[in-house]
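Here's the structure, in structure tokens; my notes come after.
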Amino acid sequence: MTKNSWPERLMKATGKLRMVFGPADQGALGGPVQYVDDAAHRERQKQLQQWDVVRNSDGSTYLVSRVSDGRA
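As structure tokens, then:
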């Protein structure tokens with residue numbers, strides 16, 4: 001008896017799970033994005049205000065703290 005490889009065992013297991021739970025949900029990609037404006041979202045927006053995005057001429061980007069510049 002030949003032992004199945006890891007990918008074969010994984011595919012067999014996910015096939016059995018698919019029979020029980022059904023296929024994965026595939027929603028429409030063209031639909032509108034829904035944003036939830038809750039306390040956590042407002043806190044993240046507040047945290048993002050402390051950073052400036054710097055873009056180099058080669059297209060790479062990085063963040064610079066506004067607090068270190070004294071601009072906050």
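Sequential numbering from 1 applies to the sequence shown in UniProt numbering. Note that CB positions come from ideal geometry on N, CA and C, so glycine has one too.
Looking at the DSSP output, Ser-65 bridges to Trp-51. Only residues of its own chain outside the window of five on either side were considered, and among them Ser-65, Arg-66, Val-67 and Ala-72 have a CB closer than 8 Å to the CB of Gln-50, listed in chain order.
Here DSSP, grouped into helix, strand and coil, assigns Gly-15 to helix. In the three-state reduction of the DSSP assignment, Lys-3 falls in the coil class, being assigned neither a helical nor a strand state.
CA-CA distance, Pro-7 to Lys-16, rounds to 14 Å. Sequence-distant partners of Asp-25 (beyond 5 residues in either direction) whose C-beta falls short of 8 Å from its own C-beta are missing from its chain.
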